[in-house]
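Asks:
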Amino acid sequence: MKLSLITAVAIILLAGFVVAELQGPQVTSGEAKDILETTESPTKPTSSNEEADAEEDSNEVPNNQRKAAKYIDDQMTAAKKAAQIAATMQPGEGGDGKNKLLQLAIFERLWNEEMVRKKLQEQIETIEAKREPVEAVDPTQEEIEAQSMYERAMEIFNGANPNKRVAHTLLRKAAEMKNSQARSTLAWLRIFEQETEYDLSYAAKEFEELAKEGLGQAHLGLAYLYSVGVGGKNVSQPLALIHLTLAALDGESLAEMALGYRYSFGINVPASCEKSLSYYKRVAAKVAANVKFSSGPLVHRVRLLDESENPGSQETEIVDYYQLLADKGDVQSQVGLGQLYYQGGKAIKQDHQKALEYFTLAANAGNAIGYAFLGKLYLEGSEHIKADNETAFKYFAKAANLGDPVGQSGLGLMYLKGYGVPKDPLKALNYFTMAADQGWVDGQLQLGMMYFTGNGVKTDYKLALKYFNLASQSGHVLAYYNLGIMHAYGIGILRSCAAAVEFFKNVAERGTWSSHLMKAYTNYKNNNINEAFLIYALLAEVGYEVAQSNAAYLLDRGDVTIFHDRNEELIRAFYYWKRAAAQGYSAAQVKLGDYYYYGWGTDIDFEMAAALYRKASEQQYNAQAMFNLGYMHEKGLGMKKDWHLAKRQYDLAAVTNADAKVPVAIALLKLQLLAKIESIKESPYKFIFYLDENIAANWDLYMITILTLLLGFIMYTRRTLENQRQQILENIQQDENTIEQLNNENATATTTENDTTNTPSTLTSATTTATTKTTTTTTTETTQDSKNDQPSTSSKTSTATTSSTSQITTSTTSTTSTSASSALPSAASNSIADPTE
C-alpha cells in the first residue's frame, strides 16, 4: 500500500501520542521550558497521609523538572520511532525530496529536544548542589521563649475552658519578641475577638509585613481582606487569588479549602474538578487524621434566615429542665445530658468532665448507654480524663452484655487494634457485625474498613461501599472520607471526580475551624453584628454555604455598619446569596430571585428571577418559590401570562406549607375576580372597559381616588349626625330646665296663696301669670322644634301645653269658688301643682 506524505505525518503524530499516553500525564514542552527558566528555590511540600498523594501533591521545583526531563525523553523516543517509520518509506511514497525534508525535520526536532534535555539536566544538578546540607542556625534564647509563649497561648485557646485574658497576655509578649506566628494570631484576633481592640487597619498592616516573610497565615489574611474589601483594601479578587495560592503553598488549610471551592464552582478561575479535588483531598486527609474514634466534631450550622422565619424554643431552658430532672435521678435525662456534654451543642459547650459525671450517674443505675459512653471516654481520653484501656474494656463489656451497640462496637475496636487485649480480627468482626445490625454508625464504619482493607476478612469493595454509605447517612466524617477515596480512585465504583469533591468538601468542613460558625452565631445573639459578619465572611470565602447565606442575611437587613453605602451592601449581599444558591440552598435561591425581581444590587431580570423560583420549587419544594411563580404567571412577568398555571402554583404552595394557605386563599380570590372581569369583557357590557384605555392602565390610582372620596363622604355623614345628636341633647336639657323653673314658680305661687287665703283675685292673677309663661315657653319650644324639622314633636308639645293650660284655668276657677265658700286653701294649692307635674 502506498502512503502519502500526509499519512506519514499522521503516523508520526499518532506514534508520539501513543507513547506519551502510555507514560501517563506529563507536563508539556512549554511547561518544561518555563520550569527551566525558573530560578525560585524549592517550596515547602504539602503534608498528606496518603503515599499516592505525596508525589502528586508535591510542589518542589526539582520534582517538576524531573517530570519535564522524563517528558522530553519520552518525546525523543516517540520521534525516533517515527523517524524509523519514515525511513522505511519507499522513494515513490510521496517523493524522495519530501521524505528527506521530513527526516531532516524529525532529526532537527530530536536535536532541539536533546539540547533542552541537557540544559534541564544541568539546571537540576545546579539546584541539587544548592540543596546540599547547610548548618542550621540555632534559635536564640529569646526566640525559644517567644515560641514557647505562643504555643502555651494556643493551648489555652484550644482548651475546654480557655482563660482568654492569660492567652492574650502571652501572645502580646511573644509578639513583642518578634514571634511571627504570635503577631499573625494577634492580627486575626483584632478582626474577630471581642477581648481585643477592634482594628482592621492594624491587622492589614501586620499581614503585609508578615507576608513579606513568607508566612502563610499572613497571606491568608491578605487574601481575606482583598476578598471582602475591608481593612482599607478595595475588593480585588486577582490579588486575593494570588495570596490564597501563596498561603496554600505554605500548607494553610483554609487557603486550600478556598481554592478547592473556587475551582469547584469556577469563582474567578476556570472551573476544574481535578484541581478542586487536589486541594480538598489535602485538607480532608488532615481532618481525617485528627479523628480518633468518634464521628468527629459536631458542626452547628444555624441559618439565620430560617431562624428568623421559624424561631425555635429556648435551648437553654430545655437544658435547664433536663438538668433538673437529672438531678432528681431521672436516668434518661442523665444519659441525654451526658451525650450533649460529650459532643457539645448549640446551648452547651463540649465538656467531657461533666459528661463523665452524668454517664457515671446513669451507669450506677445500671444503664447500658451510660456504661458504653464511659467506655468511650476512657478509651479516647481527653484533657481531664486519662485514657485507660482496662477501664474502657470493663465498661464496654458491661454494655455489650446488655446488648448495647455502642459497647459492642467498642469491644470490636479494642480487639481489632489490640487496645489492652490481644488482637483478634474475628472477634472484632463479630462485634462490629452485631453493632452494625442495630444501626450503630461506628460499627458500620469499622465493618466497612475491614472489608476495604481485607483485615480479617476477604477484601470486598462492594460491601465496604455499602457500609460506608450507611455510616455516612449518620454523618460520620471518616465514612465521608473513605467514600471520597473510593470515588476519587474508582475503587469498587466508577470514578467520579464530582462525587469525590463533594465528599472531601464535607470532610474538610468538619475541621476544628468549623467552631467559628458557633462563635459567629454567639456574636450575632449578643448583638455584635460586625464581628459576626466578619467571621461569616471568612468562612464564606472558604466555601461554607451556611456562612454565605448568613453574611448575606446580615447585609440584607442592613445591620452591618462597616459599609456606609446601602447600595454597596445590597451588591455584596447579592453575591453572597448567589454563592449560597449555587450550593443548593433553596431559601437563598428565592432571595436571589427577589434581588433579580426588584433590582437590588443588580439589574431587574424577571426571566432570571422566574428561573430561580422554578429551581427552588422543583428541587427543594419551596412554598415561597411556588407562590412567587404563581404571581409571575398571573402577571406575565418573565414568562407568558397563564392564569391556569398561576392557580396550579398557588395550590401547590398551599399544599406544601400550611402557613401559605391564607395568602394563597387571597390570591385565588383575586384570580377569580380577574377571571370574572374577563368574562364580563366578553359580554354585552364590555364597552364599559373600553371607555378609556388609561382606566385599565391606571386602575390602582382610580381605585385609590374612589376609596378616598368614599372615606370622606362617610366621615362627613358621621359628623353631621353627631351635630344633630348634640342639638337634640341640648333641647332636652333646655326642656328639663324649663320644667324645673315652672315647678319653682308654682311652688312660689302656692306659698303666696297660703299667706293670702282671703284674696282670690291674687291667686287668679298668679295663675294667669303662670299660664302666660307656660304658653310663652311652649311657643318657644315649638319654634325651636320647627327649626329642627320635627313638626310631630312640636304638635305634641303644643297639645300638652294647651291641656295643661286648660287644667290650670279650670283648677283656678274651681279653687276660687271653693275658697270663697269654704275657705280651704290647701285644696286649691294641690289642684294647681298636680297638672304641672
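With the working numbering as the guide, the letters of the sequence shown map in order to residues 871 to 1707. Beta carbons are placed, not taken as given, at the ideal position from N, Cα and C, and that holds for glycine.
On the criterion of 16 or more Cβ atoms from any shown chain inside 10 Å, does Y1391 qualify as buried, or is it exposed?
Replies: Reading the sequence shown from its first residue, position 521 is the one you call residue 1391. Y1391 should be labelled buried.
Asks: Looking only at its chain, what residues have a beta carbon closer than 7 Å to the beta carbon of E1415, apart from the 5 residues adjacent to it on each side?
Replies: Along the sequence shown, one-based indexing puts residue 1415 at 545. Cβ neighbours of E1415 beyond the five flanking positions: A1450, Q1453 and Y1455.
Asks: Whole-angstrom Cβ separation of Y1241 and Y1265, contact assumed at under 8 Å?
Replies: Here residue 1241 corresponds to residue number 371 of the sequence shown, with the count starting at 1. Here residue 1265 corresponds to residue number 395 of the sequence shown, with the count starting at 1. Sure, about 5 Å apart at Cβ, within 8 Å.
Asks: Tell me which residue opens and which closes the alpha helix (DSSP H) that F1027 is part of.
Replies: Looking up residue 1027 in the sequence shown gives position 157. Element bounds for F1027: Q1011 to F1027.
Asks: Which two residues bound the contiguous alpha helix (DSSP H) that contains T1323?
Replies: By 1-based counting over the sequence shown, the position of residue 1323 is 453. Its alpha helix (DSSP H) spans residues V1311 to T1323.
Asks: Is there contact here, the segment 1104 to 1121 with the segment 1130 to 1141, by at least three beta-carbon pairs under 8 Å?
Replies: The segment 1104 to 1121 vs the segment 1130 to 1141: in contact.
Asks: Report buried or exposed for N1237, applying the criterion of at least 16 other Cβ atoms within 10 angstroms of its Cβ.
Replies: As a position in the sequence shown, residue 1237 is number 367, starting the count at 1. The residue in question, N1237, is buried, as its Cβ has 16 or more Cβ neighbours within 10 Å.
Asks: Quick check: what's the CA-CA separation for F1338 versus E1076?
Replies: Reading the sequence shown from its first residue, position 468 is the one you call residue 1338. Reading the sequence shown from its first residue, position 206 is the one you call residue 1076. Spanning the two alpha carbons is a distance of roughly 45 Å.
Asks: Any chance the segment 1432 to 1448 sits against the segment 1084 to 1093, with 3 or more Cβ pairs inside 8 Å?
Replies: With the cut-off at 8 Å, the segment 1432 to 1448 and the segment 1084 to 1093 do not touch.
Asks: So which of A1443, Y1446, K1510 and A1457 has the shortest CA-CA distance to F1476?
Replies: Taking the first residue of the sequence shown as 1, we reach residue 1476 at position 606. F1476 has its Cα closest to that of K1510, out of A1443, Y1446, K1510 and A1457.
Asks: At a cut-off of 8 Å, would you count A1458 as near the ligand COA, judging by its Cβ distance to the nearest heavy atom?
Replies: For the structure depicted, the ligand COA is absent and the ligand set is empty, with no information on it obtainable.
Asks: Where does N1234 sit, in a helix, a strand or coil, going by DSSP?
Replies: By 1-based counting over the sequence shown, the position of residue 1234 is 364. Of the three classes helix, strand and coil, the one that applies to N1234 here is helix, per DSSP.
Asks: Can you name, in chain order, every residue of its own chain whose Cβ lies under 7 Å from the Cβ of Y1094, other than the five neighbours on each side?
Replies: To locate residue 1094, count along the sequence shown from 1; it is residue 224. Closer than 7 Å at Cβ, skipping near neighbours: L1408 and E1411.
Asks: Express the C-alpha separation of S1279 and H1113 in angstroms, rounding to a whole number.
Replies: Within the sequence shown, the letter at position 243 stands for residue 1113. Within the sequence shown, the letter at position 409 stands for residue 1279. When rounded, the distance between both Cα atoms is 45 Å.
Asks: With a threshold of 6 Å on Cβ separation, who are the neighbours of I1547 within its own chain once the five nearest residues in sequence on each side are excluded?
Replies: For the purposes of this step, residue 1547 is taken as the residue at position 677 of the sequence shown. Closer than 6 Å at Cβ, skipping near neighbours: no residue.
Asks: Pick helix, strand or coil for T1039, following the three-state DSSP scheme.
Replies: Locating residue 1039 in the sequence shown gives position 169, counting from the first residue. Three-state DSSP puts T1039 in a helix.
Asks: Using CA atoms only, rank isn't needed, just tell me which of A1232, S1384 and Q1220 is closest to Q1204.
Replies: Taking the sequence shown and counting its residues from 1, the one referred to as residue 1204 is at position 334. If we check each option's Cα against that of Q1204, A1232 comes out closest.
Asks: Using a beta-carbon distance below 9 Å, is I1574 in contact with chain D?
Replies: Among the protein chains of the structure shown there is no chain D, as only one such chain exists.
Asks: Quick check on DSSP: helix, strand or coil for P1533?
Replies: One-based indexing of the sequence shown puts residue 1533 at position 663. DSSP places P1533 in helix when its eight states are reduced to three.
Asks: Starting from the Cα of E1177, find the closest Cα among A1457, V1327 and L1364 and give me that residue.
Replies: In the sequence shown, counting from the first residue as 1, residue 1177 sits at position 307. Of A1457, V1327 and L1364, the residue nearest in Cα terms is A1457.
Asks: On the three-state DSSP scale, how would you describe F1062?
Replies: Working through the sequence shown from its first residue, we reach residue 1062 at position 192. Correct three-state label for F1062: helix.
Asks: CB-CB under 7 Å to A1235, same chain, minus the five flanking residues each way: which ones, in chain order?
Replies: Numbered from 1 along the sequence shown, position 365 holds the residue referred to as residue 1235. Taken in chain order, the residues that qualify are V1201.
Asks: Could you tell me whether the Cβ atoms of G1199 and F1229 are closer together than 9 Å?
Replies: By one-based count along the sequence shown, residue 1199 stands at place 329. By one-based count along the sequence shown, residue 1229 stands at place 359. Cβ distance not < 9 Å, so G1199 and F1229 don't count as in contact.
Asks: At the level of alpha carbons, what is the spacing between T1637 and T1621?
Replies: In the sequence shown, residue 1637 corresponds to position 767, counting from 1. In the sequence shown, residue 1621 corresponds to position 751, counting from 1. Since pLDDT at T1637 reaches only 45, below the 50 mark, its modelled position is unreliable, and no value is offered.
Asks: Are K1301 and L1281 close, meaning C-beta to C-beta below 9 Å?
Replies: Taking the sequence shown and counting its residues from 1, the one referred to as residue 1301 is at position 431. Taking the sequence shown and counting its residues from 1, the one referred to as residue 1281 is at position 411. The residue asked about is misnamed: residue 1301 is Tyr in this sequence, not Lys. Yes. Within cutoff.
Asks: May I have a chain-ordered list of the alpha helix (DSSP H) segments no shorter than 4 residues that lie completely inside the segment 1467 to 1506?
Replies: Listed in chain order, the complete alpha helix (DSSP H) runs (minimum 4 residues) inside the segment 1467 to 1506 are 1476 to 1490 and 1493 to 1505.
Asks: Quick check: what's the CA-CA separation for N1259 versus A1417?
Replies: Position 389 of the sequence shown, counted from the first residue, corresponds to residue 1259. Position 547 of the sequence shown, counted from the first residue, corresponds to residue 1417. If you take the alpha carbons of N1259 and A1417, they lie about 40 Å apart.
Asks: With distance defined between alpha-carbon atoms, name the residue in S1419, K1485 and K1540 nearest to E1504.
Replies: In the sequence shown, the residue the question calls residue 1504 occupies position 634. For the residues S1419, K1485 and K1540, the minimum Cα distance to E1504 belongs to K1540.
Asks: Exposed or buried, T1618, counting other C-beta atoms within 10 Å across all chains shown (16 or more means buried)?
Replies: Working through the sequence shown from its first residue, we reach residue 1618 at position 748. Exposed, because fewer than 16 other Cβ atoms sit within 10 Å of the Cβ of T1618.
Asks: Which residues mark the beginning and the end of the alpha helix (DSSP H) in which Y1289 is found?
Replies: The count along the sequence shown starts at 1 and reaches residue 1289 at position 419. Unbroken run through Y1289: none, as it is neither H nor E.
Asks: At the level of alpha carbons, what is the spacing between H1346 and Y1491?
Replies: Sequence index remark: in the sequence shown, residue 1346 carries index 476 (1-based). Sequence index remark: in the sequence shown, residue 1491 carries index 621 (1-based). Taking the straight line joining both Cα atoms gives about 27 Å.
Asks: Do you know offhand how far A1369's Cα is from S1054's?
Replies: Here the question's residue 1369 lines up with position 499 in the sequence shown. Here the question's residue 1054 lines up with position 184 in the sequence shown. Distance between the alpha carbons of A1369 and S1054: 36 Å.
Asks: Does the distance from the C-beta atom of L1315 to that of A1298 stay below 9 Å?
Replies: Here residue 1315 refers to the residue found at position 445 of the sequence shown. Here residue 1298 refers to the residue found at position 428 of the sequence shown. Their beta carbons are not under 9 Å apart, which means L1315 does not touch A1298 by this criterion.
Asks: Okay, do the segment 1118 to 1136 and the segment 1312 to 1329 touch, 3+ Cβ pairs below 8 Å being the bar?
Replies: Output reads no: the segment 1312 to 1329 does not touch the segment 1118 to 1136.
Asks: Locate the alpha helix (DSSP H) running through Q1308, then write down its first and last residues.
Replies: Along the sequence shown, one-based indexing puts residue 1308 at 438. Note, Q1308: premise wrong, no alpha helix (DSSP H); not H, not E.
Asks: Using only the alpha-carbon positions, how far apart do G1214 and A1225 sit?
Replies: Along the sequence shown, one-based indexing puts residue 1214 at 344. Along the sequence shown, one-based indexing puts residue 1225 at 355. Looking at the two C-alpha atoms, the distance is approximately 10 Å.
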